[in-house]
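For reference, the structure is listed below as C-alpha coordinates.
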Amino acid sequence: MGSDSTPQLPVIHLSDQTLKPGSEKWVEVRSDVRKALEDYGAFEVSYDRVSEELKESVLEAMKELFQLPVEAKRRNVSPKPYTGYMTHNGISESLGIQDANVLEKVNEFTQLLRPDCEGNKSTSERIHKFSEKMAELDVMVRRMVFESFGIEDYFDENLKSMNYRLRLMKYSAPRDVDTNVAAGANDAGDGANTNNNGNTGADVGAGDSASTGDNDKVVASDDANAGADTNDIVVGIANVHIDDDANDVAKANGDVGAGVDANTNDCASVKSSADVDNKLGLPSHTDKNLLTVLYQYEIEGLEVLTKDEKWIRVKPSHNTFVVIAGDSLHALMNGRLFLPFHRVRVTEKKKTRYSIGLFSTPNRDYIIEPPKELVDEQHPRVFKPLTYVDLMSFYHTEVGRRARSTLHAYCAVSGA
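The UniProt record's numbering applies: residue 1 is where the sequence shown begins, and numbers increase by one.
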(Lines of atoms letter the chains of each structure in order from A and count residues from 1; the text may use other names and numbers.)
(Lines give C-alpha, C1' and ligand atoms only; values in the text may rest on other atoms or scores of the structure.)
Protein backbone atom coordinates (compact mmCIF):
# COMPACT_ATOMS: atom_id res chain seq x y z
CA MET A 1 0.00 0.00 0.00
CA GLY A 2 1.07 3.59 -0.47
CA SER A 3 0.64 6.49 1.94
CA ASP A 4 -2.77 7.51 3.22
CA SER A 5 -2.88 10.30 0.66
CA THR A 6 -2.19 8.00 -2.27
CA PRO A 7 -3.94 4.68 -1.67
CA GLN A 8 -3.22 1.83 -4.07
CA LEU A 9 -4.77 -1.50 -4.86
CA PRO A 10 -2.82 -4.54 -3.67
CA VAL A 11 -0.57 -6.06 -6.32
CA ILE A 12 -0.51 -9.86 -6.45
CA HIS A 13 2.00 -11.82 -8.52
CA LEU A 14 0.45 -14.71 -10.45
CA SER A 15 3.20 -15.32 -12.97
CA ASP A 16 5.30 -17.81 -11.01
CA GLN A 17 5.51 -21.04 -13.01
CA THR A 18 5.52 -23.00 -9.74
CA LEU A 19 2.10 -21.56 -8.87
CA LYS A 20 0.13 -24.79 -9.11
CA PRO A 21 -2.97 -25.82 -7.12
CA GLY A 22 -1.89 -27.52 -3.91
CA SER A 23 1.63 -26.10 -3.88
CA GLU A 24 2.98 -24.09 -0.96
CA LYS A 25 3.22 -21.02 -3.16
CA TRP A 26 -0.38 -21.46 -4.29
CA VAL A 27 -1.65 -21.54 -0.70
CA GLU A 28 0.32 -18.39 0.11
CA VAL A 29 -0.95 -16.45 -2.90
CA ARG A 30 -4.48 -17.78 -2.40
CA SER A 31 -4.51 -16.11 1.01
CA ASP A 32 -3.37 -12.82 -0.56
CA VAL A 33 -6.14 -12.99 -3.17
CA ARG A 34 -8.82 -13.53 -0.54
CA LYS A 35 -7.54 -10.69 1.65
CA ALA A 36 -7.40 -8.30 -1.32
CA LEU A 37 -10.99 -9.09 -2.27
CA GLU A 38 -12.17 -8.85 1.33
CA ASP A 39 -10.48 -5.48 1.83
CA TYR A 40 -10.83 -3.86 -1.61
CA GLY A 41 -12.98 -6.08 -3.81
CA ALA A 42 -10.29 -5.61 -6.46
CA PHE A 43 -6.57 -5.96 -6.98
CA GLU A 44 -3.88 -5.60 -9.59
CA VAL A 45 -2.32 -8.74 -10.99
CA SER A 46 1.26 -8.97 -12.14
CA TYR A 47 0.86 -11.51 -14.92
CA ASP A 48 3.53 -11.97 -17.56
CA ARG A 49 1.95 -14.94 -19.33
CA VAL A 50 0.67 -12.61 -22.04
CA SER A 51 3.55 -11.59 -24.28
CA GLU A 52 4.22 -7.97 -25.17
CA GLU A 53 4.03 -8.99 -28.82
CA LEU A 54 0.50 -10.33 -28.35
CA LYS A 55 -0.62 -7.22 -26.44
CA GLU A 56 0.71 -4.89 -29.10
CA SER A 57 -0.72 -6.95 -31.94
CA VAL A 58 -4.16 -6.91 -30.30
CA LEU A 59 -3.90 -3.14 -29.81
CA GLU A 60 -3.15 -2.72 -33.51
CA ALA A 61 -6.10 -4.97 -34.34
CA MET A 62 -8.34 -2.85 -32.11
CA LYS A 63 -7.23 0.34 -33.83
CA GLU A 64 -7.99 -1.18 -37.23
CA LEU A 65 -11.45 -2.29 -36.12
CA PHE A 66 -12.35 1.06 -34.60
CA GLN A 67 -11.21 2.81 -37.79
CA LEU A 68 -13.84 0.95 -39.78
CA PRO A 69 -16.83 2.97 -41.04
CA VAL A 70 -19.64 3.29 -38.52
CA GLU A 71 -21.96 1.26 -40.73
CA ALA A 72 -19.49 -1.64 -40.52
CA LYS A 73 -19.15 -1.46 -36.74
CA ARG A 74 -22.92 -1.34 -36.37
CA ARG A 75 -23.04 -4.84 -37.79
CA ASN A 76 -21.71 -5.96 -34.39
CA VAL A 77 -25.20 -6.72 -33.08
CA SER A 78 -26.70 -9.23 -30.70
CA PRO A 79 -30.14 -10.26 -29.43
CA LYS A 80 -28.72 -9.74 -25.96
CA PRO A 81 -28.87 -6.17 -24.63
CA TYR A 82 -25.68 -4.13 -24.77
CA THR A 83 -23.62 -6.92 -26.23
CA GLY A 84 -22.83 -5.33 -29.58
CA TYR A 85 -21.35 -2.06 -30.82
CA MET A 86 -21.93 1.00 -28.67
CA THR A 87 -20.77 4.59 -28.84
CA HIS A 88 -21.32 7.86 -27.02
CA ASN A 89 -21.26 11.21 -28.79
CA GLY A 90 -17.88 10.57 -30.30
CA ILE A 91 -16.33 10.30 -26.84
CA SER A 92 -16.20 6.55 -26.49
CA GLU A 93 -17.11 3.42 -28.39
CA SER A 94 -16.82 -0.30 -27.86
CA LEU A 95 -17.26 -3.62 -29.62
CA GLY A 96 -18.48 -6.79 -27.93
CA ILE A 97 -17.72 -10.46 -28.54
CA GLN A 98 -19.77 -13.13 -26.81
CA ASP A 99 -17.79 -16.32 -26.00
CA ALA A 100 -14.54 -14.72 -27.15
CA ASN A 101 -12.63 -17.68 -25.70
CA VAL A 102 -14.06 -19.73 -28.59
CA LEU A 103 -12.17 -19.10 -31.84
CA GLU A 104 -15.20 -19.70 -34.06
CA LYS A 105 -17.09 -16.93 -32.27
CA VAL A 106 -14.27 -14.47 -32.79
CA ASN A 107 -14.07 -15.48 -36.46
CA GLU A 108 -17.78 -14.72 -36.81
CA PHE A 109 -17.20 -11.30 -35.25
CA THR A 110 -14.35 -10.25 -37.55
CA GLN A 111 -16.04 -11.67 -40.64
CA LEU A 112 -19.17 -9.72 -39.79
CA LEU A 113 -17.30 -6.44 -39.54
CA ARG A 114 -14.94 -7.03 -42.47
CA PRO A 115 -16.41 -9.60 -44.85
CA ASP A 116 -13.74 -11.55 -46.73
CA CYS A 117 -10.88 -9.40 -45.43
CA GLU A 118 -7.53 -11.18 -45.75
CA GLY A 119 -6.50 -10.02 -42.28
CA ASN A 120 -9.48 -11.51 -40.47
CA LYS A 121 -7.84 -14.83 -39.67
CA SER A 122 -4.85 -13.18 -38.01
CA THR A 123 -7.01 -10.65 -36.15
CA SER A 124 -9.31 -13.39 -34.85
CA GLU A 125 -6.44 -15.55 -33.67
CA ARG A 126 -4.83 -12.66 -31.78
CA ILE A 127 -8.03 -11.58 -30.04
CA HIS A 128 -8.93 -15.18 -29.23
CA LYS A 129 -5.51 -15.91 -27.75
CA PHE A 130 -5.67 -12.77 -25.61
CA SER A 131 -9.15 -13.79 -24.43
CA GLU A 132 -7.91 -17.25 -23.52
CA LYS A 133 -5.14 -15.78 -21.39
CA MET A 134 -7.59 -13.49 -19.59
CA ALA A 135 -9.95 -16.44 -19.05
CA GLU A 136 -7.08 -18.47 -17.56
CA LEU A 137 -6.49 -15.64 -15.11
CA ASP A 138 -10.19 -15.51 -14.25
CA VAL A 139 -10.29 -19.25 -13.57
CA MET A 140 -7.16 -19.11 -11.42
CA VAL A 141 -8.57 -16.32 -9.25
CA ARG A 142 -11.98 -17.97 -8.93
CA ARG A 143 -10.40 -21.29 -7.94
CA MET A 144 -8.35 -19.54 -5.26
CA VAL A 145 -11.43 -17.79 -3.89
CA PHE A 146 -13.41 -21.03 -3.65
CA GLU A 147 -10.53 -22.90 -2.03
CA SER A 148 -9.82 -20.12 0.46
CA PHE A 149 -13.39 -20.39 1.77
CA GLY A 150 -13.31 -24.19 1.83
CA ILE A 151 -15.95 -24.56 -0.88
CA GLU A 152 -13.77 -26.04 -3.64
CA ASP A 153 -16.31 -28.86 -4.10
CA TYR A 154 -18.59 -26.29 -5.75
CA PHE A 155 -15.99 -24.92 -8.11
CA ASP A 156 -16.52 -27.23 -11.08
CA GLU A 157 -20.24 -26.47 -11.16
CA ASN A 158 -19.49 -22.76 -11.03
CA LEU A 159 -16.93 -23.07 -13.79
CA LYS A 160 -19.38 -24.85 -16.09
CA SER A 161 -22.11 -22.31 -15.39
CA MET A 162 -20.26 -19.23 -16.62
CA ASN A 163 -19.75 -17.69 -20.03
CA TYR A 164 -17.38 -14.96 -21.13
CA ARG A 165 -17.98 -11.68 -22.85
CA LEU A 166 -15.09 -9.64 -24.19
CA ARG A 167 -15.36 -5.93 -24.82
CA LEU A 168 -12.88 -3.85 -26.79
CA MET A 169 -13.04 -0.21 -25.69
CA LYS A 170 -11.81 3.08 -27.04
CA TYR A 171 -11.98 6.48 -25.32
CA SER A 172 -11.18 9.63 -27.20
CA ALA A 173 -9.01 12.29 -25.59
CA PRO A 174 -10.98 14.90 -23.61
CA ARG A 175 -11.54 18.18 -25.42
CA ASP A 176 -10.78 20.18 -22.29
CA VAL A 177 -10.55 19.76 -18.54
CA ASP A 178 -14.31 19.79 -18.09
CA THR A 179 -14.89 17.00 -20.54
CA ASN A 180 -13.07 14.24 -18.73
CA VAL A 181 -14.30 11.12 -20.36
CA ALA A 182 -16.40 9.44 -17.86
CA ALA A 183 -16.64 6.13 -18.92
CA GLY A 184 -18.07 5.78 -15.86
CA ALA A 185 -17.37 3.27 -14.12
CA ASN A 186 -15.75 0.37 -14.68
CA ASP A 187 -13.23 -0.40 -16.98
CA ALA A 188 -14.84 -3.46 -16.48
CA GLY A 189 -18.08 -3.68 -15.29
CA ASP A 190 -21.57 -3.78 -15.91
CA GLY A 191 -24.08 -1.16 -15.75
CA ALA A 192 -25.09 1.00 -13.04
CA ASN A 193 -28.02 2.69 -11.56
CA THR A 194 -28.49 6.31 -10.93
CA ASN A 195 -29.13 6.98 -7.34
CA ASN A 196 -30.73 10.31 -7.83
CA ASN A 197 -31.93 10.71 -11.36
CA GLY A 198 -33.15 7.79 -13.38
CA ASN A 199 -32.29 9.62 -16.55
CA THR A 200 -28.71 10.14 -15.83
CA GLY A 201 -27.76 7.19 -17.19
CA ALA A 202 -25.63 5.53 -19.23
CA ASP A 203 -24.83 2.66 -17.24
CA VAL A 204 -24.79 0.93 -20.22
CA GLY A 205 -21.54 -0.20 -20.05
CA ALA A 206 -20.03 -0.27 -23.06
CA GLY A 207 -19.40 2.62 -24.82
CA ASP A 208 -22.41 3.65 -24.22
CA SER A 209 -23.85 5.83 -26.17
CA ALA A 210 -25.21 4.77 -29.08
CA SER A 211 -28.54 5.34 -30.45
CA THR A 212 -31.26 3.09 -29.48
CA GLY A 213 -33.28 2.45 -32.51
CA ASP A 214 -36.92 1.84 -31.93
CA ASN A 215 -36.69 -0.59 -29.09
CA ASP A 216 -38.90 0.28 -26.18
CA LYS A 217 -37.83 -2.09 -23.44
CA VAL A 218 -34.67 -3.51 -22.10
CA VAL A 219 -34.98 -7.24 -22.21
CA ALA A 220 -32.83 -9.07 -19.75
CA SER A 221 -32.49 -11.85 -22.19
CA ASP A 222 -30.34 -14.77 -21.65
CA ASP A 223 -27.64 -13.53 -19.55
CA ALA A 224 -29.22 -10.29 -19.10
CA ASN A 225 -26.17 -8.69 -20.09
CA ALA A 226 -27.59 -5.49 -19.97
CA GLY A 227 -25.07 -3.81 -18.06
CA ALA A 228 -22.42 -5.92 -17.59
CA ASP A 229 -19.31 -5.32 -19.28
CA THR A 230 -19.51 -1.76 -18.58
CA ASN A 231 -15.98 -1.79 -18.51
CA ASP A 232 -14.97 1.57 -19.41
CA ILE A 233 -17.49 3.73 -20.74
CA VAL A 234 -19.84 4.98 -18.39
CA VAL A 235 -20.86 8.33 -19.29
CA GLY A 236 -23.56 9.71 -17.10
CA ILE A 237 -24.77 12.23 -19.59
CA ALA A 238 -28.48 12.40 -19.98
CA ASN A 239 -28.80 12.03 -23.69
CA VAL A 240 -27.39 8.59 -24.13
CA HIS A 241 -28.80 6.31 -26.76
CA ILE A 242 -27.96 2.78 -27.53
CA ASP A 243 -27.03 2.02 -31.05
CA ASP A 244 -29.49 0.27 -33.19
CA ASP A 245 -27.85 -3.06 -32.78
CA ALA A 246 -30.83 -5.28 -32.33
CA ASN A 247 -30.54 -4.90 -28.61
CA ASP A 248 -33.82 -4.21 -26.87
CA VAL A 249 -33.13 -0.95 -25.20
CA ALA A 250 -35.48 1.51 -23.70
CA LYS A 251 -36.07 4.75 -25.52
CA ALA A 252 -35.73 6.57 -22.26
CA ASN A 253 -32.06 6.92 -21.72
CA GLY A 254 -32.49 6.39 -18.02
CA ASP A 255 -33.32 2.79 -18.69
CA VAL A 256 -29.84 2.20 -19.67
CA GLY A 257 -28.44 3.01 -16.43
CA ALA A 258 -26.04 5.53 -15.43
CA GLY A 259 -22.54 4.78 -15.82
CA VAL A 260 -22.32 3.02 -18.84
CA ASP A 261 -19.02 1.68 -19.36
CA ALA A 262 -17.87 0.08 -22.28
CA ASN A 263 -18.95 -3.19 -21.23
CA THR A 264 -22.38 -2.80 -20.35
CA ASN A 265 -22.77 -6.14 -19.16
CA ASP A 266 -23.01 -5.75 -15.58
CA CYS A 267 -23.04 -2.29 -14.18
CA ALA A 268 -24.70 -1.88 -10.96
CA SER A 269 -25.13 1.24 -8.93
CA VAL A 270 -24.21 4.84 -9.16
CA LYS A 271 -23.07 6.88 -6.24
CA SER A 272 -25.38 9.64 -5.09
CA SER A 273 -25.06 13.25 -6.10
CA ALA A 274 -23.28 13.82 -2.83
CA ASP A 275 -20.27 12.25 -4.48
CA VAL A 276 -18.00 15.18 -5.18
CA ASP A 277 -16.92 13.81 -8.53
CA ASN A 278 -20.47 13.51 -9.77
CA LYS A 279 -20.37 17.19 -10.59
CA LEU A 280 -18.34 16.04 -13.56
CA GLY A 281 -21.07 13.65 -14.56
CA LEU A 282 -19.05 10.58 -13.78
CA PRO A 283 -21.25 8.11 -11.96
CA SER A 284 -19.60 5.21 -10.21
CA HIS A 285 -21.07 1.72 -10.04
CA THR A 286 -20.54 -1.90 -9.17
CA ASP A 287 -20.51 -4.70 -11.72
CA LYS A 288 -23.29 -7.25 -11.71
CA ASN A 289 -21.30 -10.13 -13.18
CA LEU A 290 -19.03 -12.51 -11.24
CA LEU A 291 -15.51 -11.30 -12.01
CA THR A 292 -14.12 -8.70 -14.37
CA VAL A 293 -10.58 -8.90 -15.74
CA LEU A 294 -9.34 -5.67 -17.27
CA TYR A 295 -6.27 -4.65 -19.24
CA GLN A 296 -5.53 -0.93 -19.74
CA TYR A 297 -3.24 0.19 -22.54
CA GLU A 298 -0.91 2.98 -21.39
CA ILE A 299 -3.52 5.66 -20.67
CA GLU A 300 -4.98 5.52 -17.18
CA GLY A 301 -8.63 6.07 -16.36
CA LEU A 302 -9.93 3.39 -13.99
CA GLU A 303 -10.69 4.48 -10.42
CA VAL A 304 -11.81 2.23 -7.54
CA LEU A 305 -13.49 3.43 -4.35
CA THR A 306 -12.17 2.06 -1.05
CA LYS A 307 -14.13 1.23 2.10
CA ASP A 308 -13.11 4.57 3.59
CA GLU A 309 -14.41 6.46 0.55
CA LYS A 310 -11.08 7.23 -1.12
CA TRP A 311 -10.61 6.90 -4.87
CA ILE A 312 -7.70 4.81 -6.07
CA ARG A 313 -6.44 5.78 -9.51
CA VAL A 314 -5.22 2.56 -11.12
CA LYS A 315 -2.20 3.25 -13.29
CA PRO A 316 -1.65 0.83 -16.18
CA SER A 317 1.58 -1.08 -16.68
CA HIS A 318 2.66 -3.60 -19.30
CA ASN A 319 2.32 -6.73 -17.15
CA THR A 320 -0.59 -5.68 -14.95
CA PHE A 321 -4.23 -6.66 -15.18
CA VAL A 322 -7.01 -5.59 -12.81
CA VAL A 323 -9.49 -8.02 -11.23
CA ILE A 324 -12.79 -6.66 -9.88
CA ALA A 325 -15.47 -8.55 -7.94
CA GLY A 326 -19.06 -8.13 -9.09
CA ASP A 327 -22.49 -8.38 -7.49
CA SER A 328 -22.83 -12.05 -8.43
CA LEU A 329 -19.64 -13.03 -6.61
CA HIS A 330 -20.56 -10.83 -3.64
CA ALA A 331 -23.88 -12.67 -3.31
CA LEU A 332 -22.36 -16.10 -3.91
CA MET A 333 -19.85 -15.51 -1.10
CA ASN A 334 -22.61 -14.33 1.26
CA GLY A 335 -21.28 -10.79 1.34
CA ARG A 336 -17.86 -11.90 2.59
CA LEU A 337 -16.03 -10.06 -0.19
CA PHE A 338 -16.09 -6.28 -0.57
CA LEU A 339 -18.11 -4.97 -3.51
CA PRO A 340 -16.26 -1.95 -4.96
CA PHE A 341 -17.74 1.04 -6.72
CA HIS A 342 -15.58 2.06 -9.65
CA ARG A 343 -15.59 4.36 -12.67
CA VAL A 344 -13.46 5.48 -15.60
CA ARG A 345 -12.22 9.03 -16.09
CA VAL A 346 -9.85 9.87 -18.92
CA THR A 347 -8.06 13.16 -18.34
CA GLU A 348 -5.00 13.03 -20.60
CA LYS A 349 -5.47 15.37 -23.53
CA LYS A 350 -4.65 14.43 -27.10
CA LYS A 351 -4.36 10.76 -26.20
CA THR A 352 -6.81 7.98 -26.98
CA ARG A 353 -7.37 5.33 -24.33
CA TYR A 354 -7.82 1.66 -25.22
CA SER A 355 -8.74 -1.13 -22.85
CA ILE A 356 -10.00 -4.70 -22.94
CA GLY A 357 -12.38 -6.26 -20.45
CA LEU A 358 -13.37 -9.90 -19.99
CA PHE A 359 -16.51 -10.56 -17.96
CA SER A 360 -17.49 -13.91 -16.50
CA THR A 361 -21.28 -14.00 -16.40
CA PRO A 362 -23.58 -16.63 -14.85
CA ASN A 363 -25.78 -18.63 -17.21
CA ARG A 364 -29.50 -17.94 -17.02
CA ASP A 365 -30.28 -21.10 -15.01
CA TYR A 366 -27.42 -20.83 -12.52
CA ILE A 367 -28.77 -20.13 -9.01
CA ILE A 368 -26.57 -17.64 -7.19
CA GLU A 369 -26.72 -18.81 -3.60
CA PRO A 370 -23.96 -19.19 -0.98
CA PRO A 371 -22.97 -22.76 -0.13
CA LYS A 372 -24.10 -23.89 3.32
CA GLU A 373 -20.49 -23.69 4.50
CA LEU A 374 -20.63 -19.89 4.22
CA VAL A 375 -23.78 -19.45 6.31
CA ASP A 376 -23.66 -19.73 10.11
CA GLU A 377 -24.42 -17.75 13.27
CA GLN A 378 -21.50 -15.42 12.69
CA HIS A 379 -22.34 -15.07 9.01
CA PRO A 380 -26.13 -15.18 8.60
CA ARG A 381 -27.57 -15.27 5.10
CA VAL A 382 -27.32 -11.83 3.47
CA PHE A 383 -29.16 -12.42 0.18
CA LYS A 384 -32.00 -14.58 -1.05
CA PRO A 385 -31.22 -16.98 -3.93
CA LEU A 386 -31.23 -15.24 -7.30
CA THR A 387 -30.28 -15.58 -10.95
CA TYR A 388 -28.28 -13.12 -12.97
CA VAL A 389 -31.13 -12.74 -15.44
CA ASP A 390 -33.63 -11.86 -12.74
CA LEU A 391 -31.21 -9.41 -11.15
CA MET A 392 -30.78 -7.64 -14.47
CA SER A 393 -34.53 -7.60 -15.05
CA PHE A 394 -35.02 -5.92 -11.68
CA TYR A 395 -32.24 -3.49 -12.47
CA HIS A 396 -34.28 -2.18 -15.38
CA THR A 397 -37.31 -1.41 -13.24
CA GLU A 398 -37.77 2.08 -11.83
CA VAL A 399 -36.94 0.88 -8.32
CA GLY A 400 -33.90 -1.00 -9.54
CA ARG A 401 -32.53 1.95 -11.47
CA ARG A 402 -32.84 4.27 -8.51
CA ALA A 403 -31.39 1.95 -5.90
CA ARG A 404 -27.89 2.68 -4.73
CA SER A 405 -27.31 -1.07 -4.66
CA THR A 406 -29.35 -3.10 -7.12
CA LEU A 407 -28.35 -6.33 -5.38
CA HIS A 408 -29.48 -5.24 -1.92
CA ALA A 409 -32.66 -3.67 -3.19
CA TYR A 410 -33.55 -6.83 -5.09
CA CYS A 411 -32.76 -9.68 -2.74
CA ALA A 412 -31.28 -8.61 0.60
CA VAL A 413 -32.56 -10.65 3.54
CA SER A 414 -34.58 -8.47 5.90
CA GLY A 415 -32.45 -7.30 8.79
CA ALA A 416 -29.21 -8.46 7.19
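For glycine and all other residues, C-beta sits at the position ideal for the given N, C-alpha and C.
Taking the CB atoms as reference points, tell me whether residue i and residue j lie closer together than 8 Å.
i, j, result
"V344", "E44", "no"
"P371", "Y154", "yes"
"I127", "V102", "no"
"L9", "I367", "no"
"K351", "I299", "yes"
"D327", "T406", "yes"
"M169", "S94", "yes"
"A173", "E348", "yes"
"E53", "H318", "no"
"L14", "L159", "no"
Taking the alpha helix (DSSP H) that residue i belongs to, which residues open and close that run?
i, result
"A42", "Premise fails: A42 lies in the beta strand (DSSP E), 42-46, not in any alpha helix (DSSP H)."
"L112", "103-113"
"T406", "406-411"
"E298", "Counting along the chain, E298 falls outside any alpha helix (DSSP H), and DSSP gives it neither H nor E."
"L399", "Note that residue 399 corresponds to Val in the displayed sequence, not to Leu. Start and end: 398-402."
Can you tell which of the options has its C-alpha closest to the C-alpha of residue i?
i, options, result
"A42", "E64, F341, Q111, V58", "F341"
"G90", "F66, L113, K20", "F66"
"T361", "L391, S355, E300, P385", "L391"
"S92", "E132, V106, R353", "R353"
"A412", "P316, R401, P380", "P380"
"V29", "M144, G84, S131", "M144"
"L291", "K310, H318, L59, L339", "L339"
"P60", "S46, S414, S122", "Sequence inspection shows Glu at residue 60; the Pro mentioned does not correspond to that position. Looking at the Cα atoms, S122 is the closest of the given residues."
"L358", "K35, V139, L14, K80", "V139"
"G22", "V389, E152, E52, I12", "E152"
"V11", "Y40, V70, G150, D365", "Y40"
"V33", "V70, N120, E147, M62", "E147"
"H88", "S78, V70, P79", "V70"
What are the boundary residues of the beta strand (DSSP E) that residue i is part of?
i, result
"M169", "162-171"
"E93", "92-98"
"Y388", "Not the beta strand (DSSP E): Y388 falls in the alpha helix (DSSP H), residues 388-395."
"E147", "Element bounds for E147: not the beta strand (DSSP E) but the alpha helix (DSSP H), 120-148."
"R313", "311-313"
"V322", "320-325"
"T87", "86-88"
"I12", "11-13"
Looking at residue i and the ligand FMN, is the gap between the Cβ and the nearest heavy atom below 7 Å?
i, result
"K384", "Here there are no bound small molecules, and the ligand FMN is not part of this structure."
Could you check whether the Cβ of residue i sits closer than 8 Å to any Cβ belonging to chain C?
i, result
"T292", "Going by chain labels, chain C is absent from the structure shown, which holds only one protein chain."
Query raised in the report: Is there contact between the region 161-175 and the region 92-105, where contact requires at least three CB pairs shorter than 8 Å?
Result: Enough Cβ pairs lie closer than 8 Å, so yes.
Requested in this report: Check whether the region 294-312 touches the region 328-336, counting contact only when three or more Cβ pairs, one atom from each stretch, lie closer than 8 Å.
Outcome: no
**Report entry** Cβ contact (3+ pairs, closer than 8 Å) linking the region 9-21 and the region 107-114
**Finding:** no
Query raised in the report: What runs of the beta strand (DSSP E), each 3 residues or longer, lie entirely inside the region 330-377?
Result: Listed in chain order, they are 342-346, 353-362.
Requested in this report: Could you tell me which uninterrupted alpha helix (DSSP H) segments, each at least 4 residues in length, are contained entirely in the region 19-71, listed from first to last along the chain?
Outcome: 24-39, 52-66
Report task. Count the C-beta pairs between the region 317-324 and the region 383-399 that are closer than 8 Å, then say yes if the count reaches three, no if not. Result -> no
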